[in-house]
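K.L.:
Take a look at the following structure, please.
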Amino acid sequence: MTAPVIEIRNLHKAYGTLEVLKGVDISAPAGHVVSLIGSSGSGKSTLLRCANLLEDSQQGDVLFCGEPVTWKGKGLARHPADRAQMIRIRTNLSMVFQQFNLWSHMTILQNVMEAPLTVLKRDRAEVEAAARKYLDKVGIADKCDVYPAMLSGGQQQRAAIARALCMEPKALLFDEPTSALDPELEQEVVKVIKDLATEGRTMLVVTHDMRMARDISDHVVFLHQGLIEEQGSPEELFTNPKSERLRGFLSVTQTT
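For the sequence shown, our numbering assigns the number 18 to the initial residue and increments by one for each residue that follows.
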C-alpha cells in the first residue's frame, strides 16, 4: 500500500501559551483533495504551515510519502533536525498563499521560473518551456512579459498557481487562495483549482468557499478550536452533518 503524500499524526502546535492545534491527524493520499474548513482561528492555516514545515510543531509526527520528519529539541524548542530533508520536503510541497507573494520587480514569466532555476538548479530552457506551459494552463499565457502590478488579483493568483506548478511538486497546498479576491475574480481562480483537482493532483486546501470544498474534495475536515470536530466525504459533511457545531457553521456560511 502506497504511503500518503502528506500524513500528520497527533500534531500539537502552540504560540507561547496559546495552543492552536491540540492533537490533529490528517492524511492526504496521492491524487486526493483534502479540504480544511472551519471558523477563523480554528487552526486551519496553522495546520497547513506545519505540514509544509513553515511552522515548527511541538508534538506529533509529520510524514512525507511515508518518510517522517526528524526533529531535535522538545516543546517550543523543537525544530527539524535535518535541514536538507526539510528543504527537500518543502520543494515537493508547493504552497499558494492568500496574498500572491509575487516579486514586483520581475515579470510574470520570471516569477514562475525563479524557484526552479535557483532552488532546483534546472536547465533554463527547460524551465522556461514549463513556465510558459503552466501560464497557458491557468489562462494567462499572454501575460508572460508584464509585471504583477499590471494584473488583476485573480490573474496574480493564477500566476502564483503557475509558479507552484512549475516546481513539479508532489502536492499543492492552498491557504485561502480566493479570500483576497472579489467574487468575479474568485471564480477565475476556483475554475483553475477545480481543473487541477480533476487531473488527480494531490492537494490540501484551506478554504472559506464551501461550494468549492464540496465540488473538489475527496475528503473534508472541519476544525474547531484546534481539534477535528468532524470529517468525511463532502456528501456526508455538507448533506448530513452530525455535530451541532458543524451544522451551525454551515448555516452561517449558507451552504445547507
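Here a beta-carbon is modelled for each residue, glycine too, at the ideal position from N, C-alpha and C.
Relative to the alpha-carbon of His-236, which residue among Leu-28, Gly-48 and Thr-63 has its alpha-carbon at the smallest distance?
P.N.:
As a first step, residue 236 must be located in the sequence shown, where it is residue number 219. Answer by Cα proximity: Gly-48.
K.L.:
Would the stretch 117-129 and the stretch 96-104 be scored as touching if the rule is three or more Cβ pairs under 8 Å?
P.N.:
Touching, no.
K.L.:
My guess is that Ser-234 and Val-50 are in contact by the Cβ rule of under 8 Å, so how many angstroms apart are they, rounded?
P.N.:
Residue 234 sits at position 217 when you count from the first residue of the sequence shown. Residue 50 sits at position 33 when you count from the first residue of the sequence shown. About 5 Å; that satisfies the 8 Å criterion.
K.L.:
Pick out whichever of Glu-247, Lys-160, Thr-215 and Gly-243 has its Cα sitting closest to the Cα of Asp-232.
P.N.:
Indexing the sequence shown from 1 puts residue 232 at position 215. Out of Glu-247, Lys-160, Thr-215 and Gly-243, Thr-215 has the C-alpha closest to the C-alpha of Asp-232.
K.L.:
CB Leu-28 to CB Cys-82, shorter than 8 Å?
P.N.:
For the purposes of this step, residue 28 is identified with residue 11 of the sequence shown, where counting begins at 1. For the purposes of this step, residue 82 is identified with residue 65 of the sequence shown, where counting begins at 1. Their beta carbons are not under 8 Å apart, which means Leu-28 does not touch Cys-82 by this criterion.
K.L.:
If I measure Cβ to Cβ from Thr-272 and keep anything under 8 Å in the same chain, skipping five residues before and after, which residues do I get?
P.N.:
What you label residue 272 is simply residue 255 of the sequence shown in a count that begins at 1. Any reading at Thr-272 needs caution, since the residue's pLDDT is 44, under 50, leaving its predicted position unreliable; the model's value is listed next. Closer than 8 Å at Cβ, skipping near neighbours: Met-227, Arg-228, Arg-231 and Phe-255.
K.L.:
Along the chain, where does the alpha helix (DSSP H) containing Phe-255 start, and where does it finish?
P.N.:
Your numbering for residue 255 matches position 238 in the sequence shown. It spans 251-256 - the alpha helix (DSSP H) in which Phe-255 sits, taken as one unbroken run.
K.L.:
Jot down the residue ranges of each uninterrupted beta strand (DSSP E) in the stretch 193-234, minimum 3 residues, whole runs only, in chain order.
P.N.:
Fully enclosed beta strand (DSSP E) runs of 3 or longer: 220-223.
K.L.:
To the nearest angstrom, how far is the alpha carbon of Lys-280 from that of Gly-171?
P.N.:
No statement about residue 280 is possible, as the shown extent of the chain runs from 18 to 273 and does not include it.
K.L.:
Within the stretch 74-132, note down every full alpha helix (DSSP H) run reaching 4 residues or more, in order along the chain.
P.N.:
Runs found: 100-108.
K.L.:
With Leu-221 and Ala-188 assumed to form a contact (beta carbons below 8 Å), what rounded beta-carbon distance in angstroms separates them?
P.N.:
Walking along the sequence shown from the start, residue 221 turns up at place 204. Walking along the sequence shown from the start, residue 188 turns up at place 171. The pair is a contact, with the Cβ atoms about 7 Å apart (cut-off 8 Å).
K.L.:
Taking the alpha helix (DSSP H) that Arg-141 belongs to, which residues open and close that run?
P.N.:
Start at 1 with the first residue of the sequence shown, and residue 141 comes out as number 124. Counting along the chain, the alpha helix (DSSP H) containing Arg-141 begins and ends at 141-154.
K.L.:
Taking one C-beta from the stretch 240-251 and one from the stretch 32-40 each time, how about it: are there three or more such pairs within less than 8 Å?
P.N.:
With a cut-off of 8 Å, the stretch 32-40 and the stretch 240-251 count as touching, because enough Cβ pairs lie within range.
K.L.:
What are the residues that DSSP puts in a beta bridge with Ala-31?
P.N.:
Here residue 31 refers to the residue found at position 14 of the sequence shown. Its beta-bridge partners are Glu-36.
K.L.:
By the three-class DSSP mapping on this structure, what secondary structure does Ser-52 have?
P.N.:
Sequence index remark: in the sequence shown, residue 52 carries index 35 (1-based). DSSP places Ser-52 in strand when its eight states are reduced to three.
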